[in-house]
Amino acid sequence: MSSKIYDCIEMIGNRIIENKDFLTELDREIGDADHGINMARGFTEVLAILPKDSDNIGDLLKKTGMTLLSKVGGASGPLYGTAYMQAGKVCAGKTALTAQDGKAVFEAVIAGIQKRGKAVKGEKTMLDAIIPAFEAYSAAVDSGASVNDALDAMCKAAEEGVEYTKTIIATKGRASYLGERSIGHQDPGATSATYTMQAVRDFIKG
Amino acid sequence: MKKLINGVDNVVDEMLRGMVAAHPEYVERVEGTDVVIRTGAKKTDKVVLISGGGSGHEPAHGGYVGKGMLDGAVAGAVFTSPTPDQVYEAIKATECGKGALLIIKNYTGDVMNFEMAGEMAGDEDIEVAQVIVADDVAVENSTWTTGRRGIAGTIFVHKIAGAKAEEGASLAEVKAVAEKVIANVRSMGMAIEPCTVPAVGKPGFELAEDEVEIGIGIHGEPGTHKEKIGPASATVDQMLDKILAEGIYGKGDRVAVMVNGMGGTPLSELYIANLEVSKVLADKGIVVAKTLVGNYMTSLEMAGFSITLLKLDDELEALLNAPADTPAFKQV
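Below you can see the structure in the form of structure tokens.
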């Protein structure tokens with residue numbers, strides 16, 4: 006029988022793989038048409054090599070990060086690789102996570118992505134989904150909301166973040182070369198980050 | 023999609039194997055990686071130069087591995103930066119105590135992956151320096167973008183920094199001359215027909231029958247604008263205007279010129295373009311010391327070309343004219 010953390014990563018991976026063509030199409034419009042292809046290649050490998058029965062959350066997240074780093078390439082490889090490895094550090098040795106742990110994971114992921122990508126909110130990147138999602142999740146947890154409600158708030162903010170990326174000019178990544186022509190297009194990285202958070206919510210809510 | 027391939031998943035592997043089969047006296051593959059290095063690389067006692075990037079730009083970069091240019095080249099998936107572990111393997115396979123210079127084209131992914139590889143090598147006490155080539159004037163350089171893209175001007179960095187390293191210069195000296203090239207090199211490209219990434223199966227952008235895209239990058243990413251196709255001379259004039267507006271190249275200056283094919287443009291058309299380049303530069307009193315015409319930094323089967331100018335001083339000109347012997351660049 007597989008562990009819960011494996012099942013959760015599997016749900017994330019399958020969500021990315023199922024949406025490979027759509028993510029690539031988004032990237033074709035404002036980038037270089039490889040985001041879905043690269044992420045799907047990375048997660049196919051992740052699902053093949055992760056030990057199914059281990060419930061060591063930190064270990065599985067770290068392995069996921071290292072595999073993405075060595076299989077994805079482009080900008081997504083270092084960014085998602087760093088995100089999962091940072092999450093793995095926070096979860097080292099853990100076999101279960103609390104709602105508060107979720108906040109610590111978010112903080113580590115955002116710090117890691119910012120260090121590697123040198124981006125801030127509002128530059129039409131994955132951070133435009135992740136940062137609002139973190140803020141909504143934290144606010145819900147701190148106000149005593151249920152985990153399910155906090156996860157719903159997280160996803161709603163991430164989805165709004167994706168919509169927001171349609172309205173702004175890219176100033177990081179390959180889309181930044183387009184200037185104003187990047188307006189009207191949603192960011193592929195923010196989209197794949199939102200799929201990730203939706204998969205986590207769907208897994209936890211069952 | 024019509025391509026001479028055996029399957030989209032083995033394009034890079036089979037391309038590298040075919041390359042090694044063609045040029046075993048120049049390059050060998052680091053087993054289990056997509057890295058090619060000089061045959062017998064570890065015997066060199068010099069600063070090593072590593073470059074690479076997405077595949078699809080052949081002969082860049084594996085074709086420039088050899089005496090007087092690169093020591094190792096890392097091939098990513100088509101139009102996708104190679105991963106840090108692969109770049110790290112290239113450093114490990116070539117470095118011999120004098121340090122390694124990473125020559126990176128300015129794309130977000132390339133910079134991140136090469137930087138991480140440099141950090142990994144640094145953790146093992148290997149001295150690593152990096153330079154980032156950003157020669158494409160089609161893209162405005164401001165705090166509001168990632169900065170200019172690195173395109174065909176990169177070949178001049180390989181050539182000149184490679185010659186410097188071959189002379190036995192230190193890592194700091196090789197890096198300094200590479201930076202000097204980067205400061206003095208500018209390029210601009212255009213496309214007549216788009217290209218198709220094998221794994222995607224359709225063109226990266228669309229052009230009408232009578233339309234061209236000015237300012238195209240080398241990944242089929244959209245350029246600055248589309249326009250109706252005009253005579254080659256008018257297209258060249260427009261691109262040179264943008265390069266010359268940089269204010270680097272003036273009357274009496276000596277320059278090297280590269281008229282680079284994107285992969286699907288016949289050499290005859292590149293020579294037609296070069297005729298106009300040479301006329302315009304002569305009119306402005308800019309002295310062409312050396313001209314390269316051919317497919318140096320391609321974009322799969324894209325039709326189109328780029329123009330690169332490099333302002334020379336005595337040091338750069340001597341290094342540019344120094345011998346080189348690689349599969350794609352030979353100079354006695």
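Protein chains in written order, with the working numbering: chain W, 6 to 211; chain P, 23 to 354. Note that the Cβ used here is the ideal one computed from N, Cα and C, for glycine as well.
Cβ-based burial, residue i [other Cβ within 10 Å; buried from 16]
i, result
"W/Met6", "exposed"
"P/Ala188", "Inspection of the sequence shows that residue 188 of chain P is occupied by Glu rather than by Ala. Buried, by the Cβ-count rule."
"W/Val110", "buried"
"P/Arg39", "exposed"
"P/Lys64", "exposed"
"P/His247", "exposed"
"P/Pro345", "exposed"
"P/Ala194", "exposed"
"W/Gln105", "exposed"
"P/Pro253", "exposed"
"P/Ser103", "buried"
"P/Met23", "exposed"
"P/Asn135", "buried"
"P/Tyr293", "exposed"
"P/Glu137", "buried"
"P/Leu289", "exposed"
"W/Thr103", "exposed"
"P/Gly190", "exposed"
"W/Pro56", "exposed"
"P/Glu243", "buried"
"P/Glu141", "exposed"
Backbone secondary structure at residue i - three-state DSSP
i, result
"W/Ser8", "coil"
"W/Lys282", "Limits of chain W in this structure are 6 at one end and 211 at the other, which puts residue 282 of chain W out of reach."
"P/Ala174", "coil"
"P/Ile59", "strand"
"W/Ile188", "coil"
"P/Glu233", "strand"
"P/Asp347", "strand"
"P/Val299", "helix"
"P/Ala99", "strand"
"P/Lys352", "strand"
"P/Val34", "helix"
"W/Val110", "helix"
"P/Leu334", "strand"
"W/Val205", "helix"
"W/Val77", "coil"
"P/Val161", "coil"
"W/Ser197", "helix"
"P/Met23", "coil"
"W/Thr87", "helix"
"P/Leu341", "helix"
Residue i - partner residues in DSSP beta bridges
i, result
"P/Phe327", "P/Met212, P/Gly283"
"P/Thr218", "P/Pro225"
"P/Thr313", "P/Val279"
"P/Lys127", "P/Val155"
"P/Ile72", "P/Gly94, P/Leu124"
"P/Ser77", "P/Val100"
"P/Glu249", "P/Val234"
"P/Lys89", "P/Asp347"
"P/Val49", "P/Arg60"
"P/Val207", "P/Leu332"
"P/Val150", "P/Ala122"
Nearest residue (CA-CA) to residue i, options the options
i, options, result
"P/Leu332", "P/Leu342, P/Gly88, P/Met37, P/Glu323", "P/Leu342"
"P/Glu146", "P/Arg171, P/Pro349, P/Ala254, P/Ile113", "P/Ile113"
"P/Glu80", "P/Ala340, P/Met319, P/Thr330", "P/Met319"
"P/Val159", "P/Gly237, P/Ala256, P/Val258, P/Ala350", "P/Gly237"
"P/Ile177", "P/Lys127, P/Gln152, P/Ile148, P/Arg170", "P/Lys127"
"W/Leu52", "W/Lys108, W/Cys13, W/Ser81", "W/Cys13"
"P/Gly90", "P/Val30, P/Val196, P/Gln152", "P/Val196"
"P/Ser209", "P/Arg171, P/Tyr293, P/Leu71", "P/Arg171"
"W/Gly212", "W/Leu66, W/Gly18, W/Ala144", "The displayed coordinates of chain W run from 6 to 211. Any statement about residue 212 of chain W would go beyond what the structure contains."
"P/Ile240", "W/Tyr182, W/Asn24, W/Tyr85", "W/Tyr182"
"P/Glu249", "P/Gly242, P/Glu243, P/Thr257", "P/Thr257"
"W/Lys120", "W/Lys76, W/Gly107, W/Cys160, W/Leu84", "W/Leu84"
"W/Gly178", "W/Glu128, W/Ser151, W/Asn19, W/Ala150", "W/Glu128"
"P/Leu20", "P/Glu323, P/Val70, P/Thr348, P/Ala340", "With chain P running from 23 to 354 in the structure shown, residue 20 of chain P is simply not present."
"P/Gly226", "W/Arg186, W/Glu185, W/Leu31, W/Val152", "W/Leu31"
Problem - 4-residue-minimum alpha helix (DSSP H) runs that sit fully inside the region 120-165 of chain W, ordered along the chain - result: 132-147
Handout entry: Unbroken stretches of the beta strand (DSSP E), 3 residues or longer, contained in the region 9-68 of chain W
Key = none
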